[in-house]
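Chains A and B, in that order, are what the protein sequence lines are. All letters in the first sequence, in the order written, are residues 127 to 385 by the numbering used here. All letters in the second sequence, in the order written, are residues 269 to 633 by the numbering used here. A virtual CB, placed ideally from N, CA and C, is assigned to each residue, including glycine. A quick note: this is a predicted structure, and the numbers were derived from the prediction, not measured. Comments concern the structure below.
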Amino acid sequence: MAEPYVELKSVSKYFGSVVALKDVSFDVCLGEVHCLLGDNGAGKSTLIKTLSGVYTPDEGEIRVQGKPARFASPADTRNSGIATVYQDLALVPLMSVARNFFLGREPMRKFGPIRQFDSEFANRTAYDEMSAMGIQLRDPEQPVGTLSGGERQCLAIARAVYFGAKVLILDEPTSALGVHQASVVLKLVVQSKARGIGVIFISHNVHHAYVVGDRFTLLKRGKSTGTYTKSEIDRDQLLNLMAGGKELVDLEQELTNRP
Amino acid sequence: MTAELRDERVRSVSRLSRLLSRPELGAAAGTVLVFVFFAITAGNTGLFSAKGIINFLEVSAQLGILAAPVALLMIAGEFDLSVGSMIGFAGILIAIPSVFWGWPIWLSLLFCFAVCGCIGALNGLAVVRTGLPSFIVTLGSLFMLRGLTLGLTRGISGRTQVSGVHELALNDPLNSLFSGQVLSGPIAWLSDIGLIGKRADGLPSISGIPVSIVWWIVLTLACTWLLTRSRFGNWIFAAGGEANAARNLGVPVARTKITLFVMTAMAAALFAAIQVLVTGSADTLRGTQKEFEAIIAVVIGGTLLTGGYGSAVGAMFGALIFGVVQMGIFYTGIDTDWFKLFMGAMMVIAVLFNSYVRNRAMRSR
């Protein structure tokens, strides 16, 4: 196995008396999709926030490209090539695709003493980067509000990749989407992987995760129940490992036994 | 080849809908309507003579100077209700030092701009730091500034009006920047060839273009450039559209908003400087309700009350409509009491039209 790009080693995080994460190890290599699965409250959010520099771990260490790293802020993490795409995607619906793509990092062009927004470059780049992810824009100047859920996700991912992300953390990217849009996003995940990007795919939907994942880590009540490669585990085992599997079987039993 | 053809077709359709979803569209159409209306009802009253045009342009220009930066602030999602009181306060800041303390006019002007800029920054800081709605914060400033203006003026001069600025300003280097006229040469020439009427004494009916109109146009162009072509403009749209997303992407939302509050305060100071130097006096009641007139012009111009969308050119059309209607009603001899009814109705219609245009812009194309 290739060397992981980013690695959490026996990380623990406490909030007062609450143990949010206990002795969790997690890593991702370039060009692979590592799924992080777990029910609500399993510690997924804490793990992401630790990885993206919002929290610092109380125990254990983070390594980037083999070297110990200490993230002071989310911006610090971004500079190390780790980008988090949160559920709200950090998009402004009323602004154009191209302007969203470059928001906060506007390309400027000089006209004598005047520097102005290079909209031609912005339009072209946004269009090209989105097509590289497999989404053909109708018009890079259309407002983001007119895009579908999958297209918005694509914009957020393409933007992170364009600005140097080596590892993408996708926080529940399919949870708010319909069946068709979810499949668009899953294709984006595969596309990112094909471009050599490491993807951390956070989900509680085993069906979505199993389609795209190379490895799977399950979190349960703040602890990792292990990491499995796709060849070691099948979908049903994965479902059973998730809290939902056994509980749903029990519930089914209970309901059928009812007179 | 086929892909290219299809691309071509999609693009041409989207260009049409892009035009239809411009924020200024409604205001431009409204301007045409208002002009047609008064061309019919007041066509031969002198509203559209050189003198009449300058008259309504001057009214529009004064409001437009306020409306352009107010539009930017509203696109960033904030209100500034203090601009009206700021005009009164700024006027006093120019008149009292010159008349009572013997300061030269240029120094009083600089003083006025500096103080107003600081108050604008305070407004902005208060809004950004407290997280309170700017509507409430600047409503407070509206009353505080008016009270301060009255108290200071009465305390120092014993009256509510300070006059006598004209004589002091006569030879001031900055005087012509705010109260002069431009293009007198070309106007005289246009009059000689008969395009502009002459008065009974043989002089042209207008002697030049008031400098306030130049300020209006320059400010509108500058604000438009800022909004659509500069990095700052991107931040304005983002701050009003989705402040949280903007912050997460590293946009200095707080700094953007504070800068805009400084700009609206400076625009109020400019308004006051023009008014004081043209009329030669300052009055504690100057600028009353201008904050609302500016908001009306901006909203008629297609800017959303909720922020994130709008234009400075639209605000220019809004101000133009305001001026034409105000002077048009005067020229047609309709009782001017009806003016406010008309403007209020116009704004409500504009808001309805804007939300229609916005929904159109946001619909999947």
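Residues of chain B with CB under 8 angstroms from residue i, in chain order?
i, result
"glutamate 232 (chain A)", "Arg499, Asn502"
"alanine 201 (chain A)", "Gly518"
Applying a beta-carbon distance threshold of less than 8 angstroms, which residues of chain A neighbour residue i?
i, result
"leucine 517 (chain B)", "Ala216, Leu229, Gly230, Arg231"
"glycine 509 (chain B)", "Val218, Pro219, Leu220, Met221"
Between the alpha carbons of residue i and residue j, how many angstroms are there, rounded?
i, j, result
"phenylalanine 316 (chain B)", "proline 520 (chain B)", "47 angstroms"
"serine 274 (chain A)", "glutamine 307 (chain A)", "8 angstroms"
"proline 401 (chain B)", "alanine 394 (chain B)", "10 angstroms"
"serine 623 (chain B)", "alanine 296 (chain B)", "16 angstroms"
"valine 383 (chain B)", "methionine 531 (chain B)", "13 angstroms"
"tyrosine 354 (chain A)", "phenylalanine 342 (chain A)", "5 angstroms"
"threonine 556 (chain B)", "glycine 415 (chain B)", "12 angstroms"
"phenylalanine 141 (chain A)", "lysine 175 (chain A)", "13 angstroms"
"alanine 550 (chain B)", "tyrosine 288 (chain A)", "57 angstroms"
"leucine 367 (chain A)", "isoleucine 323 (chain A)", "28 angstroms"
"arginine 397 (chain B)", "phenylalanine 505 (chain B)", "20 angstroms"
"valine 351 (chain B)", "leucine 458 (chain B)", "38 angstroms"
"asparagine 383 (chain A)", "aspartate 362 (chain A)", "23 angstroms"
"alanine 216 (chain A)", "leucine 517 (chain B)", "7 angstroms"
"isoleucine 568 (chain B)", "isoleucine 208 (chain A)", "45 angstroms"
"glycine 576 (chain B)", "glycine 508 (chain B)", "4 angstroms"
"methionine 234 (chain A)", "isoleucine 617 (chain B)", "39 angstroms"
"valine 486 (chain B)", "cysteine 386 (chain B)", "23 angstroms"
"isoleucine 542 (chain B)", "leucine 377 (chain B)", "10 angstroms"
"arginine 225 (chain A)", "threonine 203 (chain A)", "24 angstroms"
"arginine 497 (chain B)", "glycine 370 (chain B)", "44 angstroms"
"phenylalanine 590 (chain B)", "phenylalanine 381 (chain B)", "26 angstroms"
"arginine 422 (chain B)", "threonine 428 (chain B)", "6 angstroms"
"glycine 399 (chain B)", "asparagine 512 (chain B)", "13 angstroms"
"serine 632 (chain B)", "leucine 220 (chain A)", "Annotation note: pLDDT 49 at serine 632 (chain B) (below 50); position unreliable, coordinate value reported separately. For serine 632 (chain B) and leucine 220 (chain A), the distance between alpha carbons rounds to 12 angstroms."
Residue i touches chain B at which residues, Cβ-Cβ below 9 angstroms?
i, result
"arginine 225 (chain A)", "Asn502, Phe505, Ala506"
Is the separation between the beta-carbon of residue i and that of residue j shorter than 7 angstroms?
i, j, result
"alanine 146 (chain A)", "glycine 348 (chain A)", "yes"
"serine 151 (chain A)", "leucine 134 (chain A)", "yes"
"threonine 492 (chain B)", "valine 619 (chain B)", "no"
"serine 579 (chain B)", "glutamate 292 (chain B)", "yes"
"alanine 335 (chain A)", "cysteine 155 (chain A)", "no"
"aspartate 297 (chain A)", "isoleucine 328 (chain A)", "yes"
"valine 332 (chain A)", "valine 316 (chain A)", "no"
"glycine 164 (chain A)", "leucine 345 (chain A)", "yes"
"valine 367 (chain B)", "glycine 426 (chain B)", "no"
"leucine 314 (chain A)", "methionine 259 (chain A)", "yes"
"alanine 336 (chain B)", "alanine 540 (chain B)", "no"
"leucine 331 (chain B)", "serine 447 (chain B)", "no"
"valine 405 (chain B)", "alanine 562 (chain B)", "no"
"alanine 358 (chain B)", "alanine 535 (chain B)", "no"
"glycine 186 (chain A)", "serine 136 (chain A)", "yes"
"lysine 139 (chain A)", "proline 183 (chain A)", "yes"
"serine 480 (chain B)", "serine 452 (chain B)", "no"
"threonine 210 (chain A)", "serine 171 (chain A)", "no"
"alanine 565 (chain B)", "glycine 388 (chain B)", "no"
"valine 302 (chain B)", "alanine 363 (chain B)", "no"
"tryptophan 374 (chain B)", "leucine 445 (chain B)", "no"
"proline 130 (chain A)", "aspartate 149 (chain A)", "no"
"isoleucine 343 (chain B)", "threonine 571 (chain B)", "yes"
If contacts are defined as beta-carbon pairs under 8 angstroms, then residue i and residue j qualify, I think. What distance do you get, rounded to the angstrom?
i, j, result
"glutamate 326 (chain B)", "proline 454 (chain B)", "Rounded, the Cβ-Cβ distance is 18 angstroms, inconsistent with contact."
"threonine 417 (chain B)", "threonine 552 (chain B)", "5 angstroms"
"serine 222 (chain A)", "glutamine 268 (chain A)", "6 angstroms"
"valine 180 (chain A)", "valine 293 (chain A)", "That pair is no contact at about 16 angstroms."
"glycine 596 (chain B)", "phenylalanine 306 (chain B)", "4 angstroms"
"alanine 329 (chain B)", "tryptophan 503 (chain B)", "Actually they are not in contact, since the Cβ atoms of alanine 329 (chain B) and tryptophan 503 (chain B) sit about 28 angstroms apart, beyond 8 angstroms."
"glycine 320 (chain B)", "glycine 314 (chain B)", "5 angstroms"
"lysine 558 (chain B)", "leucine 410 (chain B)", "So it is not a contact: roughly 11 angstroms between Cβ atoms."
"glutamine 279 (chain A)", "valine 311 (chain A)", "5 angstroms"
So residue i contacts chain B; which residues on that side make the cut at Cβ distance below 7 angstroms?
i, result
"glutamine 242 (chain A)", "Arg497, Ser498"
Applying a beta-carbon distance threshold of less than 7 angstroms, which residues of chain A neighbour residue i?
i, result
"tyrosine 577 (chain B)", "Leu220"
Residues of chain A with a CB under 9 angstroms from the CB of residue i: which are they?
i, result
"alanine 514 (chain B)", "Ala216, Val218, Leu229, Gly230"
Using a Cβ-Cβ distance cut-off of 7 angstroms, determine whether residue i contacts chain E.
i, result
"leucine 273 (chain A)", "Here chain E cannot be found, since the structure's protein chains are A and B."
>> Quick check on the DSSP output: what are the complete beta strand (DSSP E) runs of length 3 or more inside the segment 581-627 of chain B, in order along the chain?
In response: For the segment 581-627 of chain B, not a single whole beta strand (DSSP E) run of length 3 or above is found.
> Residue ranges of each beta strand (DSSP E) run of no fewer than 3 residues wholly in the segment 533-563 of chain B, ordered along the chain?
Replying inline: Runs found: 549-551.
> Which runs of the alpha helix (DSSP H) spanning at least 4 residues fall entirely within the segment 300-357 of chain B, listed in chain order?
Replying inline: Segments of the alpha helix (DSSP H) lying fully in the segment 300-357 of chain B: 318-343.
> Which whole runs of the alpha helix (DSSP H) in the segment 270-351 of chain A are 4 residues long or more, in chain order?
Replying inline: Here the runs fully enclosed are 275-288, 305-320, 332-338.
>> Which complete alpha helix (DSSP H) runs does the segment 354-395 of chain B hold, if anything under 4 residues is left out?
In response: The DSSP assignment places no complete run of the alpha helix (DSSP H) inside the segment 354-395 of chain B (cut-off: 4 residues).
>> To test your reading of the DSSP string, which unbroken beta strand (DSSP E) runs of 3 or more residues are found completely within the segment 204-238 of chain A?
In response: With a minimum length of 3 residues, the unbroken runs of beta strand (DSSP E) contained wholly in the segment 204-238 of chain A fall at 208-211, 234-237.
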